[in-house]
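In mature numbering (1 follows the signal peptide of the UniProt record, and there is no 0), the protein residues as written are -24 to -1, 1 to 278.
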């Protein structure tokens, strides 16, 4: 009992001290006097085209990223007072990932927004997606949710949600090393003919930039709804799949969920439980460890 109480006390202290959980930063005063610094990062550039254009009359990803980024910066500067916009590039030049992040950190930016397009071997896949580093970074998470909300509700786009490094199974350098809340926005799939056409059009670029702008404006006003947190217990991970009905799990009373994360190598993670309260997750974790899974740990999945 004392151990559980100590765990909860430590958690509360961590939440209070952790910058990503500082709720006071959420409901920003629209009449604030503090200048908000935003770094906008158009992905790729120069000799790095990103996703190569599908035909000669279309644009490479790097050019679409830049067009949307410049429009976004214009909307922010025009409509939000006390804001300072920085760009990691404003023309077709190459910038390393390290230089992009270094710039954001050196100017002591308040927010980092990276603009990209997506791709997939399956040409039928389409939709937007916004990446963050961790679900524990609440300000990044809230901004990402607001962006996807604007894409879906006002932009009429299919939202594929938000993803953290845990969801992806790998880190994104610019999000991992930025010292401020950051998002990487995948504005659509250039491998999908319809989205490629849309993102190549001036109207598509305007709508995309304006959706991100509206999301950021509403975020600053504190007008958003934060999804409830969700916790699960990861009990193990394997390189090859193990059936959830395997005898390995027979000591568990909770249903086992297998999650596959694909990035060059397939990895299989095995979860139990689904809680909205951290205290409940602790109870399940203790049960799982008593059942023999000593290395189990709590993960925040939302």
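Built from N, CA and C at the ideal position, the CB exists for glycine as well.
Beta-bridge partners assigned by DSSP to residue 104: 135. Listed in chain order, the beta strand (DSSP E) runs fully inside the region 121 to 199 are 135 to 139 and 158 to 165, counting runs of at least 3 residues.
A residue is called buried once 16 or more other Cβ atoms fall within 10 Å of its Cβ, and residue 136 is buried on that count. Nearest Cα to residue 154 within the set 17, 10, 40 and 65: 17.
Classified as buried, residue 168 has 16 or more neighbouring CB atoms from the shown chains inside 10 Å of its CB. In the three-state scheme derived from DSSP, where H, G and I count as helix and E and B as strand, residue 90 is classed as strand.
Within the region 10 to 35, the complete beta strand (DSSP E) segments of 3 residues or longer fall at 12 to 18, listed in chain order. Only exposed fits residue 11, as fewer than 16 other CB atoms lie within 10 angstroms of its CB. One thing to note: residue 210 has its Cβ no nearer than 9 Å to the Cβ of residue 250. Linking residue 191 to residue 270 through their CA atoms gives a straight-line distance of about 43 Å. Secondary-structure assignment with DSSP links residue 210 through a beta bridge to 247 and 273. Beta-bridge pairing by DSSP links residue 236 to 244.
Listed in chain order, the non-local C-beta contacts of residue 73 below 8 Å within the same chain comprise 149 and 150, local neighbours out to five positions each way being set aside.
Around the beta carbon of residue 183, 16 or more other beta carbons sit within 10 angstroms, so the residue counts as buried. Residue 15 and residue 85 do touch by the CB rule: their CB atoms are close to 4 Å apart, below 8 Å.
Residue 138 is positioned such that its CB atom lies closer than 9 Å to that of residue 124. By the Cβ criterion, the region 98 to 113 is not in contact with the region 52 to 71, since fewer than three pairs of Cβ atoms, one from each stretch, lie closer than 8 Å. Contact check for residue 83 against residue 13 passes: the beta carbons are separated by less than 9 Å.
In this structure, 193 is the residue among 32, 36, 193 and 143 with its C-alpha nearest to the C-alpha of residue 126.
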